[in-house]
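Chains Y and H, in that order, give the protein sequences. Sequential numbering from 4 applies to the first sequence in this note's numbering. Sequential numbering from 4 applies to the second sequence in this note's numbering. Idealized CB from N, CA, C, for every residue including glycine.
2 protein chains.
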Amino acid sequence: MDFWRATTVEEQIDAARGRQEADLVLKGGHVFNVFLKIWEDADVAISGSRIVGIGTYKGRQEIDVTGLYLTPGLMDAHVHFESSMLSPREMAKVLLLNGVTGAITDPHEITNVLGEKGFRFMLDETANIPFSSYLMIPSCVPATDMDTSGARITSEEMLRMQKLGPRVLGLAEMMNFPGILNRQTQEMDKIKLFFNKRIDGHAPELSDRELNAYVAAGITTEHECTNVAEAREKIARGMYVFMREGSAARNLVDLLPLVKKPGNRRLGLCTDDRHADDLIEQGSINYLLEIGVAQGYEPEDLIPLATLNIAECYGLKNVGALAPGYVADIVAFENLEAFQPVHVFKGGAQVVRNRKLLWKSAPVLSLPGQSMNMPAVTAERFKIPAVPGKSMRVIAIQHSQLLTREVHMQPLVRNGEAVSDTARDILKLAVLERHHNTGHIGLGFVFGFGLKRGAIASTVGHDSHNLTVMGTNDEDMAVAANRLREIGGGLIVVSEGQVRATVPLAIAGLMSDRDAMTVNSQLKQSGFWLHELGVPEDFSAFMTLAFLSLPVIPELRLTDRGLVNVVQFEHVDLWYE
Amino acid sequence: MDFWRATTVEEQIDAARGRQEADLVLKGGHVFNVFLKIWEDADVAISGSRIVGIGTYKGRQEIDVTGLYLTPGLMDAHVHFESSMLSPREMAKVLLLNGVTGAITDPHEITNVLGEKGFRFMLDETANIPFSSYLMIPSCVPATDMDTSGARITSEEMLRMQKLGPRVLGLAEMMNFPGILNRQTQEMDKIKLFFNKRIDGHAPELSDRELNAYVAAGITTEHECTNVAEAREKIARGMYVFMREGSAARNLVDLLPLVKKPGNRRLGLCTDDRHADDLIEQGSINYLLEIGVAQGYEPEDLIPLATLNIAECYGLKNVGALAPGYVADIVAFENLEAFQPVHVFKGGAQVVRNRKLLWKSAPVLSLPGQSMNMPAVTAERFKIPAVPGKSMRVIAIQHSQLLTREVHMQPLVRNGEAVSDTARDILKLAVLERHHNTGHIGLGFVFGFGLKRGAIASTVGHDSHNLTVMGTNDEDMAVAANRLREIGGGLIVVSEGQVRATVPLAIAGLMSDRDAMTVNSQLKQSGFWLHELGVPEDFSAFMTLAFLSLPVIPELRLTDRGLVNVVQFEHVDLWYE
Chain Y
4 MDFWRATTVE EQIDAARGRQ EADLVLKGGH VFNVFLKIWE DADVAISGSR IVGIGTYKGR
64 QEIDVTGLYL TPGLMDAHVH FESSMLSPRE MAKVLLLNGV TGAITDPHEI TNVLGEKGFR
124 FMLDETANIP FSSYLMIPSC VPATDMDTSG ARITSEEMLR MQKLGPRVLG LAEMMNFPGI
184 LNRQTQEMDK IKLFFNKRID GHAPELSDRE LNAYVAAGIT TEHECTNVAE AREKIARGMY
244 VFMREGSAAR NLVDLLPLVK KPGNRRLGLC TDDRHADDLI EQGSINYLLE IGVAQGYEPE
304 DLIPLATLNI AECYGLKNVG ALAPGYVADI VAFENLEAFQ PVHVFKGGAQ VVRNRKLLWK
364 SAPVLSLPGQ SMNMPAVTAE RFKIPAVPGK SMRVIAIQHS QLLTREVHMQ PLVRNGEAVS
424 DTARDILKLA VLERHHNTGH IGLGFVFGFG LKRGAIASTV GHDSHNLTVM GTNDEDMAVA
484 ANRLREIGGG LIVVSEGQVR ATVPLAIAGL MSDRDAMTVN SQLKQSGFWL HELGVPEDFS
544 AFMTLAFLSL PVIPELRLTD RGLVNVVQFE HVDLWYE
Chain H
4 MDFWRATTVE EQIDAARGRQ EADLVLKGGH VFNVFLKIWE DADVAISGSR IVGIGTYKGR
64 QEIDVTGLYL TPGLMDAHVH FESSMLSPRE MAKVLLLNGV TGAITDPHEI TNVLGEKGFR
124 FMLDETANIP FSSYLMIPSC VPATDMDTSG ARITSEEMLR MQKLGPRVLG LAEMMNFPGI
184 LNRQTQEMDK IKLFFNKRID GHAPELSDRE LNAYVAAGIT TEHECTNVAE AREKIARGMY
244 VFMREGSAAR NLVDLLPLVK KPGNRRLGLC TDDRHADDLI EQGSINYLLE IGVAQGYEPE
304 DLIPLATLNI AECYGLKNVG ALAPGYVADI VAFENLEAFQ PVHVFKGGAQ VVRNRKLLWK
364 SAPVLSLPGQ SMNMPAVTAE RFKIPAVPGK SMRVIAIQHS QLLTREVHMQ PLVRNGEAVS
424 DTARDILKLA VLERHHNTGH IGLGFVFGFG LKRGAIASTV GHDSHNLTVM GTNDEDMAVA
484 ANRLREIGGG LIVVSEGQVR ATVPLAIAGL MSDRDAMTVN SQLKQSGFWL HELGVPEDFS
544 AFMTLAFLSL PVIPELRLTD RGLVNVVQFE HVDLWYE
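If you want it as structure tokens, here you go:
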């Protein structure tokens, strides 16, 4: 991951010894030593893309960082860029402004929509940029056989994708843990391909002998822990545990006590899924550091979780520390409460100066093509005939958690149909297949969104990214779905038959081809309208909606082929006996 | 590093889940969790060569380890097997009895004598044995241009040696640190070959910008630290620091305070050079644990230094922990004060049962050939004419340190010759070239051995392993040298013209082809005679003697081509102006 001028080891030795001036010296900062967890008052000498010395140095270029706190460039241990709804280059810009210089990314979403073409798009768009984007190969395309994805990645394709370059590190989160435990042939084929590489995990609540089996299969990271006991057991069995703070799933505060305990070298920080507005307004991994410090933890104990630990986990050499031979990825902070970078250096080149991004680039170099292949719908398609005497299986969401629960409720019946009941906050939900023109539709109900009027819809719907629409009435639901079909995907808010707000997502119906500020203002407009229509202000409605179709996280989900009980791992009927 | 029965990942998953019986279950022990630094009361289930689960299990074979403490197999982070004077297979046996199941070895000594043939001998003799011997490629053959070695390894040869298999990990200790700092072409060529592999360091007292330069060159381990401040600086600059306790160089107690401090994940334990008698009577890495505990440190803080940390440093996957997927290298201790293993398992196979070794093997499969190529000598060759009015540069040894000092002393003169002066403990020292029949001899004096009568000699003489002889009189020195020449090398004690004890070392004049117990009794006899002739009982005279010719550790050394001041890195005259 070298950027800009290449140097020889001979030059680096001479610069380190002070026999020749370094290319760049950062003078007078407090330099974080991630190995000893101390701050050293010293200069940082850089030759080409590498740090060559910590000490007293002169440079051809010198930058005064007196009083600033220098840390290694922050890293995100696990992130789906698609969840920001920003293009990968635009995402990199936002991350750099937050002091994040590298990330382990899983392009799971776009690959589910567009297959290998989507993976290559993410790889190509992040080539030769001042940001280190490492890619894991999505393991679950499709995620399950419970729904219809846009693509299918076989182990043969994975073998080819493995060879796409050194930024491809291993196999991404193996969400199909039942498939591993039951040693299904296709899952075994995949893990055998990555036997000597890192295989990321995703197995919420897995424990005891089943956890042993999952880890014995070679799956050695986890970012789904929700409590200290779960995380400690997973670390004990040899896993790296990434403490996640996304836009919807927020586990950091619950897990922070681990930071002071033995085992903390096996901890990392990750965002997993984070919206553009949260990234821009709160931050990325730097925001996680802020939370940690606000909760009373020492920055010296937190920073290794965002730097050295992640580099060690993924075998990234010469990354994650400020020391001789390390890539000069450096962030200068003004204080250690609000981690807002003043300067950022990537591979020895300054990319942020006085909080301004110096790197200029178009949001996207080339688009990967159209992704909406579905028929238009009418309101009729959303009708659900009531079954007298039976209660319904309803998806109950929980704020700040991806987990849902299956609850059983009596329907509100009008004209023999089960309909949305805003009084009890039970709303109709539909998932429409959008990749292969099958016309598949799954119907159900969800509890907990608070929407009082209108409908919302999204082409972001984990993991197959069919079109999910939820509403108080069938007419608005049809308007929302049809409009998204027309504009190539996105997010939408509709009421009284009118489109109130849209966030067009031209890249696979997942990411915008516009700059981050534009996307942010579009998201703000959506947020305004969501609140206007009854959704609580602090609730990430679109993020939550996007996970209602993911049949690998307990307990009840809806796909284009109907309801799924994830614990039983099977389709279930809306109507409960 | 799999031994014995191979299993499939499918079998491992089934065994982990308890769906089929494990091959072997260790029942009822206290299982050390190296990640959390806790003991778990649990069974360890093993399938083939791998641990598959920690929990409650049934096995086809079950071994009751109730009350025993189970740890990962110990590892030695840096060891020259040759220093034990045992053949590599015999060394492996002794290490297994001490609970050491793997080691990072540097076959530096035999390679200096026999070249690539010597390296291959060490590799071949440790193939397919129940011990993990990893090899680093000696970086300094010859160590310097200050003496005459048996062989010369070029970077071209290194390139070939790199490809000898997965047990070859990288470049061994780069002792020629001046060569690195002055970016000598041949040293640069070597480090470039290993740019993405581990390069071990050896740079005592190197600090500040010179240390930066050394680390920037890619050299990232160190085992020569003698105090906490030095070790902390080296860790701060990105090095792994191995705390050494050899037979002569003993730094552990001075460095132990590091164990409780941040940075301890970058610490390891090593023996570097340790004699057979010490290994048999005190132990190896297990003895270092005993010292640590005796000094008041917690075993839970010490064991990671001998297991996980070393595995991480060298990128050894699935080694160094008791967790699913890890190689079943397991040691059972009775208590945590005296680390004497009761049972040892290597790759799932029991190799030590009730303190008895189960693995049987000849000490050597095939010898690498003769290594003594030198003329016989007469006592005349050792004469040193005195230079009136001048004092001598004398090598002053320091007990428990490899460092020597240059001291200036007046000679004892008899008949116009400078001679040994037992009253002041100044003894004559000679180094005779033994590889190429050059007849080279270096002469000098050493202070501090305590020998009162006779002479001792050795063909172990770092790093070129010429014949070093030290004595109270020239006649005994000649007897000692000539006898070693006749028997193919070894250690010898002579007095009054009589050979009192020998340790024949048929393998390159460095290692015995006999079993460990025989070597131990030969060493005991030598020790008895050394003490008889005046050497203090607690002093490793032969080990110290073997380092007097090493011109890379400060301050004054003697080679076959004369005295070397290591600080100035140049030959100096015996006589001081």
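Is the separation between the beta-carbon of residue i and that of residue j shorter than 8 Å?
| i | j | result |
| --- | --- | --- |
| F450 (chain H) | V410 (chain H) | yes |
| A219 (chain Y) | P327 (chain H) | yes |
| T224 (chain Y) | C143 (chain Y) | no |
| L272 (chain H) | V244 (chain H) | no |
| G295 (chain Y) | L339 (chain Y) | no |
| T274 (chain Y) | V82 (chain Y) | yes |
| N376 (chain Y) | S423 (chain Y) | no |
| T562 (chain Y) | L508 (chain Y) | no |
| T471 (chain Y) | L548 (chain Y) | yes |
| A146 (chain Y) | M178 (chain Y) | yes |
| E337 (chain Y) | V345 (chain Y) | yes |
| F452 (chain H) | I238 (chain Y) | no |
| T212 (chain H) | G58 (chain Y) | The sequence given here places Arg at residue 212 (chain H); Thr does not occur at that position. Yes, the Cβ-Cβ distance between R212 (chain H) and G58 (chain Y) is below 8 Å. |
| D516 (chain Y) | V497 (chain Y) | no |
| G137 (chain Y) | R92 (chain Y) | According to the sequence as given, residue 137 (chain Y) is Tyr; it is not Gly. No; because the gap between Cβ atoms is not below 8 Å, this pair is not in contact. |
| G350 (chain H) | L27 (chain H) | no |
| R564 (chain Y) | G445 (chain Y) | yes |
On the DSSP bridge list, what partners appear for residue i?
| i | result |
| --- | --- |
| F348 (chain H) | H:I333, H:Q353 |
| L1 (chain Y) | Within the shown structure, residues of chain Y are numbered from 4 to 580, placing residue 1 (chain Y) beyond reach of any answer. |
| D516 (chain Y) | None; D516 (chain Y) has no bridge partner. |
| D67 (chain H) | H:K30 |
| I275 (chain Y) | Here the sequence assigns Asp to residue 275 (chain Y), which means Ile is not the residue at that position. For D275 (chain Y), which the question treats as bridged, DSSP gives the partners Y:V82. |
| V472 (chain Y) | Y:A433, Y:A460 |
| L561 (chain H) | H:L566 |
Thinking residue i and residue j are a contact (beta carbons under 8 Å), I'd like their distance in whole angstroms, please.
| i | j | result |
| --- | --- | --- |
| H278 (chain Y) | S543 (chain Y) | 7 Å |
| A9 (chain Y) | G51 (chain Y) | 6 Å |
| L432 (chain H) | G447 (chain H) | 5 Å |
Identify the contact partners of residue i in chain Y, using a Cβ-Cβ distance below 8 Å as the criterion.
| i | result |
| --- | --- |
| Y329 (chain H) | G241 |
| V55 (chain H) | N215, A216, A219 |
| G31 (chain H) | Near G31 (chain H) there are no residues of chain Y at all, since even the closest Cβ is about 17 Å away, more than 8 Å. |
| E315 (chain H) | E315 |
Note down, in chain order, every chain H residue with its Cβ under 7 Å from the Cβ of residue i.
| i | result |
| --- | --- |
| E13 (chain Y) | R186, M191 |
| I238 (chain Y) | F38, L39 |
| R437 (chain Y) | Ordered by position in chain H, no residue passes the 7 Å Cβ test against R437 (chain Y), which lies about 36 Å from the chain. |
| R1 (chain Y) | Here chain Y comprises residues numbered 4 to 580, so residue 1 (chain Y) is not present and cannot be evaluated. |
Any heavy atom of the ligand PLP closer than 7 Å to the beta-carbon of residue i?
| i | result |
| --- | --- |
| Q404 (chain H) | Ligands displayed in this structure: none; no statement on the ligand PLP is therefore possible. |
Using a C-beta to C-beta distance shorter than 7 Å, which residues of chain Y count as neighbours of residue i?
| i | result |
| --- | --- |
| G105 (chain H) | Neighbours of G105 (chain H) on chain Y: none; closest Cβ ~18 Å, over 7 Å. |
| P265 (chain H) | L39, K40 |
| I444 (chain H) | Going along chain Y, no residue has its Cβ under 7 Å from I444 (chain H), so there is no contact; the nearest lies around 37 Å. |
| A19 (chain H) | R212, N215, A216, A219 |
| R63 (chain H) | In chain order: nothing, as chain Y lies at least about 17 Å away. |
What does residue i reach in chain H if we use C-beta pairs closer than 9 Å?
| i | result |
| --- | --- |
| I194 (chain Y) | V12 |
| H199 (chain Y) | Looking at the sequence shown, residue 199 (chain Y) is not His but Asn. Neighbours of N199 (chain Y) on chain H, chain order: K320. |
What residues from chain H crowd round residue i, counting only those whose CB sits closer than 8 Å?
| i | result |
| --- | --- |
| G58 (chain Y) | D211, R212, N215 |
| G326 (chain Y) | The question names Gly, yet the displayed sequence has Ala at residue 326 (chain Y). Within chain H, the residues near A326 (chain Y) are V218, A239, R240, G241. |
| R235 (chain Y) | L39 |
Along chain Y, which residues have their Cβ under 9 Å away from the Cβ of residue i?
| i | result |
| --- | --- |
| I183 (chain H) | I16 |
(request) Select from the region 386-402 of chain H all residues with a C-beta closer than 8 Å to any C-beta belonging to chain Y, and list them in chain order. (result) Look at the region 386-402 of chain H: it has no residue with a C-beta under 8 Å from a C-beta of chain Y.
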